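Here the structure is laid out as structure tokens; the discussion comes afterwards.
Residue numbers (my numbering): -18 to 86.
In structure tokens form, the structure reads like this:
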């Protein structure tokens, strides 16, 4: 019962998600840098002269400097209290394009 392997509350309950409820300054800066990198790649592909459906879709998205902070760091969620949740709560959020939200939200 006592010692190195004593049962503690977290170990008895199972996995506890240690996700903070809001993004830190560093993680927000990383989000902005990631958005700028994606914008630069889209611009480079546009300048190369390649035409494809994915490029036309990407050109319709807002750029990082055009997005309000609310859209950079939060996404629409039907289940959240104010219909918004932190972008870091979305699974695989660094690999998804989360720049657009439903109108009015």
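Ideal Cβ positions, reconstructed from N, Cα and C, are used throughout, including at glycine. Since this is a predicted model, take the numbers as computed values, not measurements.
Asked	Found
Tell me whether residue 16 is buried or exposed, calling it buried when 16 or more other Cβ atoms sit within 10 Å of its Cβ.	buried
Is it right to say residue 81 is buried, meaning 16 or more other beta carbons lie within 10 angstroms of its own, or is it exposed?	exposed
Measuring CB atoms only, is the region 61 to 79 touching the region -6 to 13, in the sense that at least three cross pairs come out at less than 8 Å?	yes
With a threshold of 16 other CB atoms inside 10 Å of the CB of residue 78, please say whether the residue is buried or exposed.	exposed
By Cβ distance, which residues of its chain are closer than 7 Å to residue 45, with the 5 residues on each side in sequence left out?	13, 16, 17 and 20
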